[in-house]
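Taking numbering that gives the first Met the number 0, the leading residue of the sequence shown gets 0, the next gets one more, and so forth. Don't be surprised by glycine CBs; every beta carbon is placed ideally from N, CA and C. Predicted, not measured: the structure shown is a model, and the values here were computed from it.
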Amino acid sequence: MTDQHAPKPVRHLLGLSGGKDSSALAIYLRDKIPEMEYFFADTGAELPETLEYIDLLEDYLGKPIARLNAAKSFEYYLKLNGNFLPTARTRWCTPELKIRPFEQYVGDDQAITYVGIRADEPHRKGYLSTKPNISARYPFIEDGIKKEDVFEILKSSGLGVPKYYEWRSRSGCYFCFFQRKDEWVGLSEKHPELFEKAKAYEQFHREAGRDHTWSPGEDLEELVARADDIRAKAALQQEKEAARPKKKLLDQFGSDDDLDEGCLVCFK
Ligand code: SF4
């Protein structure tokens, strides 16, 4: 018989973004914290590669990954925000599409959330819940796990990195304003229909009298017209990075150092 007056046990939660660090953390903790609950806050605008990777992870972890959806769509919140595209400064998307669904999922339960910030990046900040019943732990920092270790964890599991790594360095919405110009070009090639949708949002924004663009300084039409130039610059940058001494596994999987301006909720 269960004691109805016994306090509810603390919940252990790990949020997956489809990014390499949270995925590696889930693999790393799978057998250490058997009561772990996994969740994925799906913005409704995720890359197909991310969704596919979450499915693979679910099989690997042997437990369901709860899919959390915002009560309303991105389009709804876009209208609510006067058709103003989210930007790094006016970032209404992460609280609405990621944080709020997470907080509703936790409710008033006491919970520990496990965050994949690594030992080589303790300075990183991001959107985390500020609710008093939710506290955070950073096992990679506690155990000195660095970027090369994360790649090793993913490789050893057999999962490797998500497929979007072939052309993009982070998970998150297909239209995310944090992506580089060459990643926009990659989106136009890999997922032309999503690129067109992103263009339509930009147009929508313009019709509302705003001149802001997803990518600084040019709209997506102009950006994709410069695809060759953008690709050439990105290749040059990669060459420069390759010339820098790196650890072996990082050579294999490439760099994601530009993630610093991103967000640990969406990309970790
Ligand atoms: S991935 Fe980018 S666009 Fe999507 S919620 Fe996160 S910050 Fe916003």
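heavy atom of the ligand SF4 below 8 Å from residue i C-beta
| i | result |
| --- | --- |
| P85 | yes |
| L96 | yes |
| T89 | no |
| G208 | no |
| G171 | yes |
| A199 | no |
| A70 | no |
| L212 | Looking at the sequence shown, residue 212 is not Leu but Thr. Every heavy atom of the ligand SF4 is 8 Å or more from the Cβ of T212, so no. |
| V114 | no |
| F139 | no |
| F101 | no |
| F266 | yes |
| F203 | no |
| F176 | yes |
| T129 | no |
9 Å Cβ cutoff met for residue i and residue j
| i | j | result |
| --- | --- | --- |
| C175 | S16 | no |
| T112 | L28 | no |
| S72 | G43 | yes |
| R225 | F83 | no |
| P100 | A40 | yes |
| E182 | S168 | yes |
| L77 | F203 | yes |
| D20 | K267 | yes |
| V105 | K145 | no |
| H190 | A110 | no |
| G185 | F177 | no |
| E36 | A69 | no |
| D218 | K232 | no |
| H4 | T86 | no |
| L158 | L55 | yes |
| F38 | L67 | yes |
| I26 | L235 | no |
Endpoints, the alpha helix (DSSP H) within which residue i is located
| i | result |
| --- | --- |
| R66 | Taken as a continuous stretch (DSSP letters only), R66 belongs to no alpha helix (DSSP H), being part of the beta strand (DSSP E) at I64 to N68. |
| A197 | P191 to E206 |
| F83 | Note, F83: premise wrong, no alpha helix (DSSP H); not H, not E. |
| D218 | No alpha helix (DSSP H) holds D218; DSSP gives it neither H nor E. |
| R230 | A226 to A242 |
According to DSSP, residues forming a beta bridge with residue i
| i | result |
| --- | --- |
| A40 | L67 |
| C172 | E45 |
Worksheet item: Mind pulling the alpha helix (DSSP H) runs of 4 or more residues that sit fully within the region 101–152?
Response: Runs of the alpha helix (DSSP H) spanning 4 or more residues and lying entirely within the region 101–152 occur at 138–141, in chain order.
Worksheet item: Going along the chain, which unbroken runs of the beta strand (DSSP E) with 3 or more residues stay wholly within the region 7–31?
Response: Under the rule that a run must span 3 or more residues, the beta strand (DSSP E) segments found entirely inside the region 7–31 read 10–14.
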